[in-house]
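When you line the sequence shown up against the working numbering, it's residues 20 to 175, in that order.
Comments concern the structure below.
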Amino acid sequence: MSTKWLGIDGGTGHAQPTAVWELAAEARAASRARALTGQALRDWRVTDPADIDDIVLMVDELITNAVVHGTGPVRLRLTLDGPQIIGEVTDDNPATPITGVAPTAPAVLDWSEAGRGLLLVCALATDFGARPEGTGKTVWFCRLLATDPPPAPTPP
20 MSTKWLGIDG GTGHAQPTAV WELAAEARAA SRARALTGQA LRDWRVTDPA
70 DIDDIVLMVD ELITNAVVHG TGPVRLRLTL DGPQIIGEVT DDNPATPITG
120 VAPTAPAVLD WSEAGRGLLL VCALATDFGA RPEGTGKTVW FCRLLATDPP
170 PAPTPP
């Protein structure tokens with residue numbers, strides 16, 4: 020599996036704690052993203068189990084969608100912005116999902132195999148959406164945390 024660490028702030032100079040990775044578009048990408056997300060949340064002292072589980076699940080769903088519908092590497096960016104986590108998944112497919120509205124049963128051909136990812140993100144996120152990004156898109160979510168984490172330690 021190819022995972023490229025792009026840095027604490029991904030070169031953006033963000034004041035907020037931000038972690039960015041580039042993942043190969045392969046079946047194991049979601050598993051790797053779950054592990055990386057869990058570690059970032061622990062590093063940032065996010066302790067509420069529901070927040071951790073829900074954020075990891077949303078990342079898993081968005082990474083899976085990016086791998087299934089894209090062809091190139093997938094970028095995952097997580098930012099601790101005060102009392103919320105912002106997750107962004109960027110891929111090379113310019114087709115954006117319908118956001119802000121959960122898909123309805125007729126819009127999903129086979130509920131046993133597909134169609135739940137954005138429904139879950141819609142249910143678990145405080146907000147989510149998509150925007151064009153280069154030749155592809157970024158799908159993002161915000162999750163207001165149950166409690167503000169204490170300040171994360173500053174890297175040496």
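Note that beta-carbon positions come from the ideal geometry of N, C-alpha and C, so glycine has one too.
How would you label residue i, buried or exposed, when you count the other beta carbons within 10 angstroms and need 16 or more for buried?
i: D167; result: exposed
i: E80; result: buried
i: G101; result: exposed
i: D73; result: buried
i: T37; result: buried
i: R94; result: buried
i: K156; result: buried
i: R114; result: In the sequence on display, residue 114 carries Ala and not Arg. A114 is exposed by the Cβ-count criterion.
i: G106; result: buried
For residue i, report the span of its alpha helix (DSSP H) as first-last.
i: P68; result: 68-88
i: A59; result: 48-62
i: A142; result: 136-143
For my contact list, residue i and residue j are in at a C-beta cut-off of 8 Å; report their separation, rounded to the angstrom.
i: L164; j: D62; result: With a Cβ gap of about 14 Å, L164 and D62 do not count as contacting.
i: L143; j: L76; result: 7 Å
Following the continuous beta strand (DSSP E) through residue i, name the residue where it begins and the one where it ends.
i: L42; result: 37-42
i: A34; result: From DSSP, A34 is part of no beta strand (DSSP E); its letter is neither H nor E.
Give me the DSSP bridge partner(s) of residue i.
i: E107; result: R96, W159
i: R150; result: T157
**Message:** Would you call the region 83-99 in contact with the region 44-51, where contact means no fewer than 3 C-beta pairs closer than 8 Å?
**Reply:** yes
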